[in-house]
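Each residue of the sequence shown is one higher than the one before, counting from 166 in my numbering.
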Amino acid sequence: MREPRFRPFRQFLDALRRPRRAAPAPRLGNPDAVVDCAVYAAGQRRAEPGQPRQMPFPEAARLARRRRNAFVWLGLHEPDRATMSLIAEVFGLHELVAEQATGGGHRPGLETVGEVTRLVLRAARYVEHDRLTDTSEVVETGDITVLVGRWFVITVRYGPVGPLAAVREELERRPDVLRHGPWAVAYAVGSRLVDSYLEVAAHVERDLEILEEEIFSTGRSAGIAHIYQLKREMVEFKRAVLPLADPFTQVLTVRDLPAGLRPYLVDVRGRLGRAVDRVAGFDDLLNSILQARLAQISIDQNDDMRKIAAWAAIAAVPTVIAGIYGMNFTVIPGLDSPYGFPGAMATMALLCGGLYWRLKKTGWL
166 MREPRFRPFR
176 QFLDALRRPR
186 RAAPAPRLGN
196 PDAVVDCAVY
206 AAGQRRAEPG
216 QPRQMPFPEA
226 ARLARRRRNA
236 FVWLGLHEPD
246 RATMSLIAEV
256 FGLHELVAEQ
266 ATGGGHRPGL
276 ETVGEVTRLV
286 LRAARYVEHD
296 RLTDTSEVVE
306 TGDITVLVGR
316 WFVITVRYGP
326 VGPLAAVREE
336 LERRPDVLRH
346 GPWAVAYAVG
356 SRLVDSYLEV
366 AAHVERDLEI
376 LEEEIFSTGR
386 SAGIAHIYQL
396 KREMVEFKRA
406 VLPLADPFTQ
416 VLTVRDLPAG
426 LRPYLVDVRG
436 RLGRAVDRVA
446 GFDDLLNSIL
456 QARLAQISID
466 QNDDMRKIAA
476 WAAIAAVPTV
486 IAGIYGMNFT
496 VIPGLDSPYG
506 FPGAMATMAL
516 LCGGLYWRLK
526 KTGWL
């Protein structure tokens, strides 16, 4: 009867005698959203002996804090909220900064929260196509957010546009620029995006030239839908390029910006100005092409109406003659004549032929 009373105590003793299971080893790899992560010091990529080239970002953060004049470059592609929360905890980001870096569709801009500067950029890519149609995709865009701190820089990319692996490789071959710290990464990303704007602008300019030739050609194969489709694509391109002028101007006034990077950023701002001018010029050219096409349609409609009116006038001649002789009267000149029908048909042909010749001469037919 006393056995149930001592059963919990015996189960506790049995648990103490059992061997403890080893706890699972903590995951040392990076999350799936991490594209690359490394520590840079004195313009060179650093790594601990025996460590892989791509370091886990907690280990990279610990190493960068321990080394003087070192920083972490963490590259992310479409991270979820859980990943960004973990990154915010490791790098000391404000929760609003981590939340704003999650998801795409942000407008280009620059803001500073505490010691972290958030630079939002828009990437653009030209989509190759054989012929411009009313559903052709000409420009594809994506989002890139650059978070710059004292000892780290985090690049967050959304969408398939604007991969930064080539930017990292190119910057690693320029130690004189890379030694300027996290802002060197912001410069390199901005420079690559501005170059892509100019490349897209060159391709779009060729599309506009082809469209202009089709509009003013004899065949006039380009329709209004093609022009409106290209205009919609240009609106997306403008939203990526035009708002970026102010952020690049504000970057030059950032307090922590290294003086050695200012000439590079001034050069990027100058190239961005050329891209802005070209994109704004595309909008004006598209409006001119659209107005020219609308004027052509109006002229074609007027020509069609004149042709319809001319043929209606020609058809009215036999209609009037046939209507007169079709009236129900007993006495009508020519009804009893054997030459009445041939005479009426000859009169119709003569009047219709003369009217056709006159309308053809005046350009109505």
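Using N, Cα and C, we set each Cβ at its ideal position, and we do this for glycine too.
Should residue i be labelled buried (16 or more other beta-carbon atoms within 10 Å of its own) or exposed?
i    : result
E398 : buried
L459 : exposed
D197 : exposed
F222 : buried
A261 : Looking at the sequence shown, residue 261 is not Ala but Leu. By the 10 Å Cβ count, L261 comes out exposed.
D308 : buried
P189 : Low confidence applies to P189: its pLDDT is 36, below 50, so where it sits in the model is not reliable enough to give any reading.
From residue i to residue j, what distance separates their C-alpha atoms?
i    : j    : result
V419 : S361 : 25 Å
T310 : V321 : 5 Å
F447 : V350 : 31 Å
V482 : W522 : 14 Å
M492 : E379 : 55 Å
V304 : G269 : 17 Å
T306 : P423 : 30 Å
P328 : I464 : 48 Å
R547 : A353 : The first residue shown for the chain is 166 and the last is 530, placing residue 547 beyond what the model contains.
G240 : A445 : 32 Å
V200 : Q466 : 58 Å
L426 : A247 : 34 Å
A405 : L343 : 26 Å
A478 : F381 : 32 Å
G153 : F402 : Any answer about residue 153 is impossible in this case: the structure gives the chain only from 166 up to 530.
R283 : H271 : 12 Å
According to DSSP, is residue i part of a helix, a strand, or is it coil?
i    : result
V496 : coil
G438 : helix
L275 : strand
A190 : Residue placement at A190 is flagged as unreliable, the pLDDT there being 39, under the threshold of 50; a coordinate-derived value is accordingly withheld.
E370 : helix
Y504 : coil
T267 : coil
Q219 : coil
F402 : helix
E243 : coil
D448 : helix
E302 : coil
L530 : coil
D341 : helix
A203 : strand
G307 : strand
F236 : strand
L181 : Note that L181 has pLDDT 46, beneath the 50 cutoff, so the model's placement of it is unreliable and the number below is only indicative. Looking at L181 - three-state DSSP - the assignment turns out to be helix.
R210 : strand
Among the options, whose alpha-carbon lies nearest the alpha-carbon of residue i?
i    : options                : result
V416 : R230, E276, Q219       : E276
W529 : L343, W476, Y490       : W476
A511 : M249, V444, H242, A487 : A487
P340 : Y205, R357, V199       : Y205
L228 : T300, W316, Q265       : W316
I319 : I479, K525, E243       : E243
P428 : H271, S356, V326       : S356
T267 : D245, V313, T495       : D245
V485 : A509, G499, V285       : A509
Between the segment 406–417 and the segment 322–342, are three or more C-beta pairs nearer than 8 Å? no
At least 3 beta-carbon pairs within less than 8 Å: the segment 423–438 vs the segment 467–478: no
Is it the case that the segment 388–396 contacts the segment 453–460, given that we only count it when at least three CB pairs across the two stretches are under 8 Å? yes
Would the segment 250–266 and the segment 368–376 be scored as touching if the rule is three or more Cβ pairs under 8 Å? no
Taking 8 Å as the cut-off, does the segment 202–213 touch the segment 286–303 (at least 3 CB pairs, one atom from each stretch)? no
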